[in-house]
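I have placed the structure first, in the form of structure tokens, so that the comments after it can refer back to it.
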Amino acid sequence: QLQLVESGGGSVQSGGSLSVVCVAVVGTFNRRDMGWFRQAPGKQRELVASSMFNGKIIYLDSVKGRFTISRDNAKNTLTLQMNNLKPEDTAVYYCNAQNTYGSRADYWGQGTQVTVSS
Numbered sequence: 012q013l014q015l016v017e018s019g020g021g022s023v024q025s026g027g028s029l030s031v032v033c034v035a036v037v038g039t040f041n042r043r044d045m046g047w048f049r050q051a052p053g054k055q056r057e058l059v060a061s062s063m064f065n066g067k068i069i070y071l072d073s074v075k076g077r078f079t080i081s082r083d084n085a086k087n088t089l090t091l092q093m094n095n096l097k098p099e100d101t102a103v104y105y106c107n108a109q110n111t112y113g114s115r116a117d118y119w120g121q122g123t124q125v126t127v128s129s
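Here is the structure:
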């Protein structure tokens with residue numbers, strides 16, 4: 012089993028920076044793809060960035076060059092550094108883990124709010 016807890020986020024003006032952090036308080040990141048999703052009001056949840064177990068990293072096109080995802084498997088910590096934030100980045104950000112084996116079960120954190128004002 013895996014339990015994820017997010018922290019960070021908050022409110023910032025356009026052009027500012029924030030980071031969100033996800034920690035596994037139960038279980039580990041081993042053999043799991045890790046990612047950050049976000050969901051804005053009235054919109055579908057979307058993948059923002061993923062750090063896969065095989066080392067591959069992918070980003071949503073609109074955040075490339077501004078956001079950086081990093082994972083520390085020893086500390087079971089996943090970080091999303093967000094720079095040059097824009098109002099359209101406003102959303103609840105969710106940490107996600109997906110097993111790379113078996114039924115590929117996935118797990119979610121509770122979410123943390125990021126608000127960017129213009």
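Residue numbers for the sequence shown follow this note's numbering, so the first one is 12 and each next one is one higher. No residue lacks a Cβ here, since even glycine has one placed at the ideal position from N, Cα and C. Model, not experiment: these values are computed from the prediction.
Could you give the first and the last residue of the continuous beta strand (DSSP E) run that contains residue i?
i: S64; result: Note that residue 64 is Phe in the sequence shown here, rather than Ser. Element bounds for F64: n/a, residue is neither H nor E.
i: G19; result: 14-19
i: G53; result: Looking at the DSSP string, G53 is not in any beta strand (DSSP E), and its letter there is neither H nor E.
i: D83; result: 78-83
i: Q92; result: 88-93
i: Q121; result: No beta strand (DSSP E) contains Q121, which DSSP labels as neither H nor E.
i: Y104; result: 102-110
i: L96; result: Here L96 belongs to no beta strand (DSSP E), and DSSP marks it neither H nor E.
Helix, strand or coil: how does DSSP classify residue i here?
i: S73; result: helix
i: R115; result: coil
Please look up how many angstroms separate the CB atoms of residue i and residue j, rounded, as I've assumed it's under 8 Å.
i: N107; j: G19; result: So it is not a contact: roughly 16 Å between Cβ atoms.
i: V37; j: T90; result: Actually they are not in contact, since the Cβ atoms of V37 and T90 sit about 19 Å apart, beyond 8 Å.
Distance, Cα to Cα, residue i vs residue j?
i: V34; j: T88; result: 5 Å
i: L29; j: A60; result: 15 Å
i: G113; j: N41; result: 14 Å
i: S25; j: K67; result: 29 Å
i: D83; j: Q50; result: 25 Å
i: N95; j: R115; result: 34 Å
i: A85; j: N110; result: 17 Å
i: E17; j: G53; result: 22 Å
i: Y70; j: Q14; result: 24 Å
i: D44; j: V23; result: 29 Å
- request: Taking 8 Å as the threshold, find out whether the segment 68-83 comes into contact with the segment 118-128 through three or more Cβ pairs.
  value: no
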